[in-house]
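J.: Residue numbers (full-length UniProt numbering): 1 to 370.
For glycine and all other residues, C-beta sits at the position ideal for the given N, C-alpha and C.
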Amino acid sequence: MTSKNNIFDPVQNLKDIEAKFEMVQILNENGEIVNEGLDPKLSDEKLVELMSRMVFTRILDQRSISLNRQGRLGFYAPTAGQEASQIASQYALEKEDFILPGYRDVPQIVWHGLPLYKAFLWSRGHFVGGQIPEDVNVIPPQIIIGAQYVQAAGVALGMQKRGKKSVAVTYTGDGGSSQGDFYEGINFAGAFKSPAIFIVQNNQFAISTPREVQTSATTIAQKGVAAGIPSIQVDGMDPLAVYVATRDARDRAVAGDGPSLIETVCYRYGPHTMAGDDPTRYRTSETDNLWEKKDPVVRFRKYLEAKGLWTEEKEAEVIENAKEEIKAAIKQADGVAKQKVTDLINLMHTDALPYNLQEQLEIYTEKESK
Ligand SMILES: Cc1ncc(C[n+]2csc(CCOP(=O)(O)OP(=O)(O)O)c2C)c(N)n1
Ligand SMILES: [Mg+2]
């Protein structure tokens, strides 16, 4: 006998849970507030600052792509399309919060205080790019998919043990949400009720693997339910929705109410990285066009223009400043001494070197002195 009672109907149970995860939007594609009750009512000054940072970041992406093509940068993962998801989430944080980024999350750590020339050096694989200033609470971007989720659970636990009123924020992608580390990280933080915010930027692809075949879960947000942590899916092309979700998660975390999971539904316009994948092989221009209509910078521009807070001149000024700042940062990166093999050996060990490295150190000290 089959029961229609939900308790005995796991299929219905799943449907009920999934139906609860509707994507939250505050600002629609036309730049109109569609969810008045959730409007964070940011001051005019803050709205302009958030827009300026998104425009700066779009330019940084364009410049990074051309610098990479000129051979002046190393590893680079394009960010255009993900500005709301990246910049508005970081904007909801405080300086004492700690960011554990993935390889595409360079903008967030730059806005959290990492000098831009260091981000460029990190891209080049230079050790100075991994030396983070003492007062900047970030670690270098993680390349191992999902590993930062476990690290974030640990950082959050450390903050909790020290009684700090701060949070550890980490980012991964839709693909990353299939990794073991993802589940371990959210479960651990949930079990300890530690102050972590887990952000999944669902940009629809893990390299060429579409979101639809990544998991049979209807949303990635619902994965938080299994770990017993509050979870939400937001429009990741809407800066206000991303900001509010992150701010609320932060408020809960510092109040002692534990971690949260935020899925930001977004898109990357460019290739996966500059290493040579060709997006036309795995997605169509129709899909690209559909997402470009949702553009975070365009919708925020419309919103601010309607409020009389943004003009073409203002945007041109932000772009000009961005170009100057990027130029100066590349110059600074170029001015840092080339890394040597002896640097690598010396940096890895504070004291007694193993004999084989000691031998190599001597060989390279000799070679490099010539
Ligand atoms: C543990 C591990 N497995 C595989 C890879 C290779 N890899 C690099 S990026 C990537 C896809 C990640 O996609 P997603 O999490 O959606 O992030 P996105 O690149 O879209 O931001 C894979 C499989 C890796 N870096 N680490
Ligand atoms: Mg992805």
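Once you ignore the five residues that flank residue 247 on each side, which residues in its own chain have a CB closer than 6 Å to its CB?
T.: Reading the sequence shown from its first residue, position 247 is the one you call residue 247. Contacts found: 92.
J.: Of the choices 235, 347 and 309, whose alpha-carbon is the least far from that of residue 43?
T.: Indexing the sequence shown from 1 puts residue 43 at position 43. For residue 43, the nearest C-alpha among the options comes from 309.
J.: Do residue 375 and ligand 1 come close, with the Cβ less than 7 Å from some heavy atom?
T.: Residue 375 lies beyond the residue range present for the chain, which begins at 1 and ends at 370; the question has no answer from this structure.
J.: Quick one: residues in its chain with C-beta nearer than 7 Å to the C-beta of residue 73, no 5 flanking neighbours on either side, listed in chain order?
T.: What you label residue 73 is simply residue 73 of the sequence shown in a count that begins at 1. So the qualifying residues of the chain are 64, 67, 120, 123 and 124.
J.: Going by DSSP, what residue range makes up the alpha helix (DSSP H) through residue 289?
T.: Counting from 1 along the sequence shown, the entry for residue 289 is found at position 289. Segment 285–292, the alpha helix (DSSP H) holding residue 289.
J.: Please report the straight-line C-alpha distance between residue 118 and residue 101, rounded to a whole angstrom.
T.: The sequence position of residue 118 within the sequence shown is 118, counting from 1. The sequence position of residue 101 within the sequence shown is 101, counting from 1. About 15 Å.
J.: Check whether the Cβ of residue 143 lies closer than 7 Å to any heavy atom of ligand 1, and answer yes or no.
T.: Here residue 143 refers to the residue found at position 143 of the sequence shown. Flag set: Cβ of residue 143 near ligand 1.
J.: If we call anything under 8 Å between Cβ atoms a contact, is residue 59 one with residue 322?
T.: By 1-based counting over the sequence shown, the position of residue 59 is 59. By 1-based counting over the sequence shown, the position of residue 322 is 322. Yes, the Cβ-Cβ distance between residue 59 and residue 322 is below 8 Å.
J.: Once DSSP output is grouped into helix, strand and coil, what is the label at residue 136?
T.: Looking up residue 136 in the sequence shown gives position 136. Reduced to three states, the DSSP call for residue 136 is coil.
J.: Nearer than 7 Å: is that true of the beta carbon of residue 270 relative to any heavy atom of ligand 1?
T.: Here residue 270 is taken as the residue at index 270 of the sequence shown, counted from 1. No, ligand 1 has no heavy atom inside 7 Å of this Cβ.
J.: Give the C-beta separation of residue 29 and residue 307 to the nearest angstrom, bearing in mind that I take them to be a contact with Cβ-Cβ under 8 Å.
T.: By one-based count along the sequence shown, residue 29 stands at place 29. By one-based count along the sequence shown, residue 307 stands at place 307. No, residue 29 and residue 307 are not in contact; Cβ-Cβ is about 17 Å, not under 8 Å.
J.: At 4 residues or longer, and completely inside the region 50–111: list those alpha helix (DSSP H) runs for me, N to C.
T.: List check, alpha helix (DSSP H) in window: 106–111.
J.: With H, G and I counted as helix, E and B as strand and the rest as coil, what does DSSP make of residue 306?
T.: Indexing the sequence shown from 1 puts residue 306 at position 306. DSSP places residue 306 in helix when its eight states are reduced to three.
J.: Tell me residue 256's beta-bridge partners as DSSP assigns them.
T.: Start at 1 with the first residue of the sequence shown, and residue 256 comes out as number 256. According to DSSP, residue 256 bridges with nothing at all.
J.: Assuming residue 114 and residue 139 are in contact, meaning their beta carbons sit under 8 Å apart, how far apart are those beta carbons, in whole angstroms?
T.: The residue you call residue 114 lines up with position 114 of the sequence shown. The residue you call residue 139 lines up with position 139 of the sequence shown. Actually they do not touch by this definition, with Cβ atoms about 10 Å apart.
J.: Put residue 153 into one of helix, strand or coil per three-state DSSP.
T.: Numbered from 1 along the sequence shown, position 153 holds the residue referred to as residue 153. Looking at residue 153 - three-state DSSP - the assignment turns out to be helix.
J.: Mind checking whether residue 149 and residue 190 have CB atoms under 8 Å apart?
T.: Start at 1 with the first residue of the sequence shown, and residue 149 comes out as number 149. Start at 1 with the first residue of the sequence shown, and residue 190 comes out as number 190. It is not a contact, given that the beta carbons lie outside the stated cut-off.
J.: Which of the three DSSP states is assigned to residue 233 in this structure?
T.: Here residue 233 refers to the residue found at position 233 of the sequence shown. Secondary structure at residue 233: strand, using DSSP grouped into helix, strand and coil.
J.: Terminal residues of the continuous alpha helix (DSSP H) containing residue 197?
T.: For this step, residue 197 is matched to residue 197 along the sequence shown. Where residue 197 is concerned, there is no enclosing alpha helix (DSSP H), although the beta strand (DSSP E) it sits in stretches over 196–202.
J.: Using DSSP bridges, identify the partner residues of residue 27.
T.: Along the sequence shown, read from residue 1 onward, the residue named residue 27 stands at position 27. DSSP lists 33 as partners of residue 27.
J.: Can you find at least 3 beta carbon pairs, one from the region 211–220 and one from the region 277–295, that sit closer than 8 Å?
T.: With a cut-off of 8 Å, the region 277–295 and the region 211–220 do not count as touching, because too few Cβ pairs lie within range.
J.: With DSSP run on the structure shown, which of helix, strand or coil describes residue 363?
T.: Here residue 363 refers to the residue found at position 363 of the sequence shown. In this structure, residue 363 counts as helix in the three-state DSSP scheme.
J.: Give every residue whose Cβ lies closer than 6 Å to any heavy atom of ligand 2, listed in chain order.
T.: 173, 174, 175, 203, 205 and 206
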